[in-house]
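Going by the working numbering, the sequence shown opens with residue 502, and the numbers climb by one from there.
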Amino acid sequence: MIQSLHQDISDLDTGMEDKTEKVNILRLTAESTSEIEDTVVREFPLTIVLNDQELVTLLCSPADQKNLAVGFLYSEGLINGRDEVKNVTFNEGTGVVRVETEGGDVLAREALFSRLITSGCGRGASFYSATDVTGKKVESPLQVSVSAILALMKDFQHRSETFRATGGVHSAALCDTKNILVFNEDIGRHNAMDKVFGECLLKDIPTDDCLVITSGRISSEILLKVARRNVPILVSKSAPTNLGVKMAEDLGITLVGFVRGKRVNVYTHKQRINRGGI
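Set out below in structure tokens:
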């Protein structure tokens, strides 16, 4: 069962040329005017169908669509583990990824129409309430030094060839205290996170006692995704929102933002961060 599932869900390798497109542009500067070829990211509408029930269409990068679908379903609480996933298929022509679960459960109609449209950077959709995870604190003895965070962020920022070419994607990664274990990217910060967690789920990669790094703003729904995977430390080069900070405090997650140069801001549960390297 597990071997056949791995074979069925494996995505085709998608290189940068499949994630980007060349366009002709007019570049204007104070010194010159020129017509040049530029590289832009591709945007792909992906429709997720769970047990023959259409849920949502996500605007995403055209890569790792199966990981994205499974990660999204897990983050939204619609599946609770890999054992529930019976089959995953993707039709590139229609842009539809179909996920079948062992129980074949169908969502109640009211659940489909009560989803929350989340903030910015491409809209995310949430099918659960914050109360679904609030109160389930992340317990972990994990500690990490500032120097390790800075080294991981430096590696993280050099991972995305697509970002270097276009400046048009967000990235997310699962790390231990020394290495990046899983990395992915997408035009949406929510999607990048779901792609990482989808791969972790399908490949049985544990996320307890790990860090997650994101390039994007840390808002409440990002915290909820991280809490679902019991990740104790969330790091970003960007800023948190006030609700993101409050949720991190309530959920037992160490929130680190504005990791740039030699500076880090530790917002919550500071006991997991030591000053080594500063």
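Glycine included, C-beta positions come from ideal geometry on N, C-alpha and C.
Next item on the list: In angstroms with no decimal places, state the Cα-to-Cα distance between LYS520 and ASP687.
Entry: Rounded to whole angstroms, the separation of the alpha carbons of ASP687 and LYS520 is 9 angstroms.
Note to self: On the CB-based measure, 16 or more other CB atoms within 10 Å of its CB, does SER535 come out buried or exposed?
What the structure shows: Looking at its Cβ environment, which holds fewer than 16 other Cβ atoms inside 10 Å, SER535 is exposed.
Notebook entry, point to check: Over what stretch of residues does the beta strand (DSSP E) that includes THR595 continue unbroken?
Noted result: Element bounds for THR595: n/a, residue is neither H nor E.
Check: Run through DSSP, which three-state label would GLN644 get?
Finding: In this structure, GLN644 counts as coil in the three-state DSSP scheme.
Note to self: What would DSSP say about CYS676, mapped onto helix, strand or coil?
What the structure shows: It is a strand residue.
Next item on the list: Use the C-beta contact count for GLY604: other C-beta atoms within 10 angstroms, 16 or more gives buried, fewer gives exposed.
Entry: So GLY604 ends up on the exposed side.
Check: Can the beta-carbon of VAL524 be found closer than 8 angstroms to that of VAL541?
Finding: With contacts defined as CB atoms closer than 8 angstroms, VAL524 and VAL541 qualify as a contacting pair.
Item checked: Element boundaries [alpha helix (DSSP H), containing ASP751] -> 743 to 752 is the span of the alpha helix (DSSP H), which, as asked, contains ASP751.
Note to self: Quick check: the Cα distance between LEU527 and ILE754, rounded to an integer number of angstroms?
What the structure shows: Cα to Cα, the separation comes out at about 46 angstroms.
Notebook entry, point to check: Do SER737 and GLY762 have their C-beta atoms within less than 8 angstroms of each other?
Noted result: Inclusion of SER737 and GLY762 in the CB contact set at 8 angstroms is not warranted, their separation being larger than that value.
Margin query: I need the boundaries of the alpha helix (DSSP H) containing GLN566, first residue and last residue.
Written below: GLN566 -> alpha helix (DSSP H) spans 566 to 576.
Notebook entry, point to check: By the 10 Å Cβ neighbour count, where 16 or more other Cβ atoms means buried, how is PRO741 classified, buried or exposed?
Noted result: Burial is judged here by how many other beta carbons sit within 10 angstroms of a residue's own beta carbon; PRO741 has at least 16 and is buried.
Check: Is it the case that the Cβ atoms of THR663 and ARG690 are separated by a distance below 8 angstroms?
Finding: Not a contact, by the Cβ cut-off of 8 angstroms.
Margin query: Let me confirm a value: ILE537 is counted as buried when at least 16 other C-beta atoms fall within 10 Å, else exposed. Which label applies?
Written below: Exposed is the label assigned to ILE537, since fewer than 16 other Cβ atoms lie within 10 Å of its Cβ.
Next item on the list: Give the DSSP-derived three-state secondary structure of CYS701 in the structure shown.
Entry: Correct three-state label for CYS701: helix.
Check: For ASP687, does the three-state DSSP call read helix, strand or coil?
Finding: In the structure shown, the three-state DSSP call for ASP687 is strand.
Checklist line | Helix, strand or coil at VAL550 according to DSSP, with G and I counted as helix | finding: VAL550 carries a strand assignment under DSSP once its states are collapsed to helix, strand and coil.
Check: Ends of the alpha helix (DSSP H) at ARG665?
Finding: That run of the alpha helix (DSSP H) goes 662 to 667.
Next item on the list: Return the CA-CA distance between LEU547 and GLU532, expressed in angstroms with no decimal places.
Entry: The alpha-carbon atoms of LEU547 and GLU532 are separated by roughly 42 angstroms.
Next item on the list: Could you pull out every residue in the same chain whose Cβ sits closer than 6 angstroms to the Cβ of ARG599, ignoring the five residues on either side in sequence?
Entry: Only VAL550 and THR590 meet the Cβ criterion.
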